[in-house]
Amino acid sequence: MQRAQRVRRRNGGVWAFQWADYVIVGGGLAGLATGALLADQGHSVCLLEAHERVGGAAHGFSKGPYYFDTGPSLFAGGSLSGRDSSDPLAQLLRLLGIKLPVARYNTWGVLVPEGRFNSAVGAKDFSHTLRELRGRDAAAQFAELQRFMKPLAEAAVSIPPVALRRDLGIWRTVTPHLPRALRHAAHFRLMSAPFSRVLDQVGVRDAFLRGWMDLLCFLLSGLPSDGTPTAEMAFMFRSFYGEDAYLEYPLGGVAALAQALKDALEKRGGKVYTSSPVQSFWTENASQRVVGVTLVDGRRIKASRRVVSCISLWDTARLLQDGSFQANAEPLPSFLHAHLVFKALDPESASTHFTDYIRGSQPPEHDGYNCHYIVVDNWERLTEPQNVVAISIPSVLDPSLSRSGEHTLHAYTPATEPYELWENLDRERYRAQKLARGQVLLDAIARAVPGCADPDSIRMKLIGTPLTHEQYLRRYRGTYGAKPLLPWIRHDLPAGLALAGENSFPGIGVPAVITSALLTALGEMPATLHARYLQRLFE
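Laid out in structure tokens, this is it:
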């Protein structure tokens, strides 16, 4: 039920506080999704974001005449267009009636110790690449892995994330899906096991294929196969290696997704305040219940129902200030970033840039470039610093993101950069270290991206460090997030405070944080209403 916003002032506005049913701290994808879903239920919502724009890691920024798209960039087919009802992001967008214009593609460039090739999603193309690169035995091992994973993938999507709850009401919301789930009951025992157990059971021995699976796990969860739950990889197999698999990218960049969620929240009466950092959670002295927040500027906003923290566990603990909550998790490392603008080669020059490519199925309309490249120096050091570089060139798919004849690029080391290396450096040492450690990004870009080996083609170059990540995203020690969380691990939160996003199960990554937002927001309604709410999605 909508609660009118009330403002109280003393002494001509020396202090003031506002009321809302829900106060959400953090305007990343999880905060926006949680807020939009709560507002869709008729609640008044106040979302507070410390940065000048919403989106968290899913954002873009301008520097001079150039615009850089940054943040998550690899989206499974149907997740943005809402066509895949098993994807949590697709379910969210359908519930909110959001339709995003997207570009479809299926190919990314790969540079690994075994060689260079274009890898397309879908089973047939990768099997062909394996035969070319490693021989029939490796292809046979992948075929057996696919056969084994197919029923696991069906089990992983048999109960949609949007139907899950954290209370006993889950029986009411999942009951319509139980017949399908029971058909796959035998496979659920493997879901929480590490994916490495599946690889061992299937007999995946080929060093490249084993390394490739570790890489996919690492990019998905921040950990290799021995630390990634099989459930995550089962869902990934369905998205990447299904018969009709493809990838999507939001036109306008990933910031368009954040803007669409913000628009959905505001359309439903929610309020979004940017440049509004929170100083602390506001607690009642007697009960220690969290009843609102205090902003850095002294304003207070009270939550009649609940405060939802969509920031990291460590930042949540910091805002509580009284030591009543401890972040019982291990933070993953941080990132090195590079943002470049470079002169694009003509299509013929770009398409013949590498003579040793296994060409794969690169679309001709991409003018010889891929939207994504991944560079791996050494399989044995997969999770170590300075070894893996991911590259995204969104202007390949959406020319509006760059000027004519140029491309904009984002490259990063995926959560492998130690924050400790950057602590307590003076300005001179910081600049020197940024040049030295950032070189791994520039070297990978020069190897992978046509035209970038020529320094004269670079129009602009920006290097970011864990300190950049910490400052601009307000991330505790610049961390990617907590190591994957298990569903039975609960945080001992004070009354009146809830978590949503990468600070709670399932953890980090876009599908995971959206699932968490669904769990939190839909869990605020009675199970009977939740069940009726789902009819909008599945009827």
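FYI, in our numbering the residues of the sequence shown are 24 to 562.
Quick reminder that beta carbons are idealized off the backbone N, C-alpha and C, glycines included.
Would you mind reading off the limits of the beta strand (DSSP E) that contains residue i?
i, result
"histidine 200", "That residue, histidine 200, is in no beta strand (DSSP E); it is neither H nor E in DSSP."
"alanine 126", "125 to 128"
"serine 298", "It is not in any beta strand (DSSP E) - serine 298 carries neither H nor E in the DSSP assignment."
"tyrosine 396", "395 to 399"
"tyrosine 89", "89 to 93"
"phenylalanine 348", "That residue, phenylalanine 348, is in no beta strand (DSSP E); it is neither H nor E in DSSP."
"serine 85", "82 to 86"
What is the residue span of the alpha helix (DSSP H) that residue i lies within?
i, result
"methionine 483", "First-last for methionine 483: 481 to 487, but that is the beta strand (DSSP E), not the alpha helix (DSSP H)."
"glycine 58", "52 to 63"
"histidine 553", "550 to 561"
"serine 539", "533 to 546"
"proline 370", "370 to 374"
Out of curiosity, what's the CA-to-CA distance linking residue i and residue j?
i, j, result
"leucine 359", "valine 398", "14 Å"
"proline 202", "isoleucine 193", "15 Å"
"threonine 196", "alanine 521", "21 Å"
"lysine 122", "leucine 116", "7 Å"
"proline 577", "serine 109", "No statement about residue 577 is possible, as the shown extent of the chain runs from 24 to 562 and does not include it."
"alanine 283", "proline 354", "30 Å"
"glutamate 271", "alanine 113", "12 Å"
"proline 478", "leucine 465", "10 Å"
"leucine 545", "arginine 555", "11 Å"
"valine 364", "phenylalanine 165", "38 Å"
"glutamine 344", "phenylalanine 304", "8 Å"
"glycine 504", "proline 529", "12 Å"
"cysteine 240", "asparagine 308", "45 Å"
"alanine 254", "serine 215", "6 Å"
"leucine 97", "cysteine 394", "10 Å"
"serine 423", "tyrosine 89", "11 Å"
"leucine 71", "arginine 323", "12 Å"
"leucine 342", "methionine 172", "43 Å"
"aspartate 3", "glycine 83", "Within the shown structure, residues of the chain are numbered from 24 to 562, placing residue 3 beyond reach of any answer."
"valine 48", "valine 301", "8 Å"
"glycine 292", "glycine 315", "19 Å"
Quick one: is residue i near chain C, going by C-beta distance under 8 Å?
i, result
"alanine 434", "You won't find chain C in this structure, because it holds only one protein chain."
If you drop the 5 nearest sequence neighbours on each side, which residues of the same chain put their C-beta closer than 8 Å to that of residue i?
i, result
"leucine 134", "Tyr396, Ile397, Val398, Val399, Ala467, Arg470, Ala471"
"serine 384", "Bear in mind that the predicted position of serine 384 carries a pLDDT of just 45, short of 50, making it unreliable; the figure below should be weighed with that in mind. Excluding sequence neighbours, serine 384 sits near Asn129, Thr130, Asn141, Ala143, Asp148."
"isoleucine 381", "With a pLDDT of 47 at isoleucine 381, under the threshold of 50, the modelled position of that residue is not reliable, and the figure given next carries that caveat. Counting only Cβ-Cβ distances below 8 Å, and skipping sequence neighbours, we find Gly138, Arg139, Phe140, Asn141, Thr152, Glu155, Leu156."
"serine 372", "Gly391, Pro473, Gly474"
"valine 185", "Pro111, Gln114, Leu115, Leu118, Leu541, Leu545, Leu557, Leu560"
"arginine 404", "Asn410"
By Cβ distance below 7 Å, which residues in the same chain neighbour residue i in space, the five residues on each side in sequence not counted?
i, result
"proline 273", "Leu103, Leu123, Val125, Ala279, Leu280"
"leucine 496", "Gly79, Ala80"
"threonine 406", "Phe241, Pro247, Thr439"
Give every residue of the same chain whose Cβ lies closer than 6 Å to the Cβ of residue i, excluding the five residues on either side of it in the sequence, and list them in chain order.
i, result
"alanine 176", "Ala257, Phe260, Arg261"
"alanine 523", "Ala53, Thr57, Val331, Cys333, Ser539, Ala540, Thr543"
"proline 489", "Ser357, Glu440, Tyr442, Trp445, Gly501"
"isoleucine 486", "Ala361, Lys457, Gly461"
"alanine 518", "Arg312"
"glycine 79", "Gly51"
"histidine 66", "Asp44, Tyr45"
"arginine 29", "Summary for arginine 29: the model assigns pLDDT 42, below 50, so the residue's position carries little reliability; its value from the coordinates is reported in the next sentence. Cβ within range, chain order: Trp42."
"alanine 59", "Leu119, Leu284, Ala287, Leu288"
"threonine 251", "Phe218, Cys240, Ser244"
Which partner residues does residue i have in the DSSP bridge list?
i, result
"proline 252", "Pro217"
"tryptophan 42", "Lys325"
"serine 332", "Val48, Leu522"
"serine 357", "Glu440"
"valine 68", "Tyr45"
"valine 364", "Thr431, Met483"
"glycine 78", "Gly51"
"phenylalanine 98", "Glu271"
"alanine 505", "Pro354"
Which ranges does the alpha helix (DSSP H) cover as unbroken runs of at least 4 residues, wholly within the segment 401 to 474, from first to last along the chain? Runs found: 450 to 471.
Going residue by residue through the segment 254 to 326, where are the continuous beta strand (DSSP E) segments of at least 3 residues, counting only ones entirely within it? List check, beta strand (DSSP E) in window: 270 to 273, 294 to 296, 301 to 306, 313 to 318.
Fully enclosed by the segment 162 to 232, which alpha helix (DSSP H) runs are 4 residues long or longer? Here the runs fully enclosed are 193 to 197, 201 to 206, 218 to 225.
My parser needs the alpha helix (DSSP H) runs of 4 or more residues fully inside the segment 117 to 161; what are they? Those alpha helix (DSSP H) runs which fall completely within the segment 117 to 161 and span 4+ residues are 146 to 157.
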